[in-house]
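Peer 1:
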Amino acid sequence: FEIPFSFMIRTPHKRKGNFKIGNGCSGWDAPSVTLDNTGDIEIGNDVIFTNEVIIYTHEHYMSRKSTIMEQTKKNGVKISHIKIGNDVYFGSRCMVMPSVTNIPTGTVIAAGAILTKNPTGEYEIWAGIPAKKIGERNE
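First residue of the sequence shown: 269, per my numbering; consecutive thereafter.
#1: Going by the CB atoms, is the gap between G312 and S348 shorter than 8 angstroms?
#2: For N305, count neighbouring Cβ atoms within 10 angstroms of its own Cβ and tell me buried if that reaches 16, exposed if not.
#3: Does DSSP put T340 in a helix, in a strand, or in coil?
#4: Identify every residue that forms a DSSP beta bridge with N370.
#5: Closest to G374 by CA distance: which of S367, N406, G344 and V364 is it?
#6: Rounded to a whole number of angstroms, what is the C-alpha to C-alpha distance between V376 and I323?
#7: On the CB-based measure, 16 or more other CB atoms within 10 Å of its CB, does G350 come out buried or exposed?
#8: Using the C-alpha atoms, what's the distance from Q339 back to K333?
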């Protein structure tokens, strides 16, 4: 597949994870879609990315024992991996944090939401900061 100029896959910490994407995904031409590919990213079929979606797969160590910079130089970063099911919708300006490792089939992440934990089941709707389940998609 061809990645358009506006879709950004970032690997900021010298490690590039695996990247797999299914068929029928859209939103590649949306401005500022950013995937942090430090960790592995697997995207299912028919996934929609809208404007300014960000998905993170790493975070920094932040103990008080030394500065965050010293910890990063010594330990690197904590890497996570994410699997995104089929038929997932990412609303405009939503953010997926590295604590999220699985987004089940049919999940909707509302515009502006910050997802900090895995949705618990298929076809759930998550919204807010931090995102919480607010409903389910109708049959």
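All C-beta atoms, glycine included, are put in the ideal place defined by N, C-alpha and C.
All figures in this text were calculated on a predicted structure; none of them were measured in a lab.
Peer 2: On the basis of the coordinates in this document:
#1: Taking the sequence shown and counting its residues from 1, one reaches residue 348 at position 80. Taking the sequence shown and counting its residues from 1, one reaches residue 312 at position 44. Contact flag unset, no.
#2: Within the sequence shown, the letter at position 37 stands for residue 305. Answer is buried; the Cβ neighbour count reaches 16.
#3: Counting from one through the sequence shown, the residue named residue 340 turns up at place 72. Reduced to three states, the DSSP call for T340 is helix.
#4: The sequence position of residue 370 within the sequence shown is 102, counting from 1. Looking at the DSSP assignment, N370 forms a beta bridge with K351.
#5: Here residue 374 refers to the residue found at position 106 of the sequence shown. With distances taken between Cα atoms, G374 lies closest to N406.
#6: Within the sequence shown, the letter at position 108 stands for residue 376. Within the sequence shown, the letter at position 55 stands for residue 323. Their Cα atoms are separated by approximately 14 angstroms.
#7: Along the sequence shown, read from residue 1 onward, the residue named residue 350 stands at position 82. Going by the sequence as given, residue 350 is Ile instead of Gly. Answer is buried; the Cβ neighbour count reaches 16.
#8: Looking up residue 333 in the sequence shown gives position 65. Looking up residue 339 in the sequence shown gives position 71. Going from the Cα of K333 to the Cα of Q339 covers about 9 angstroms.
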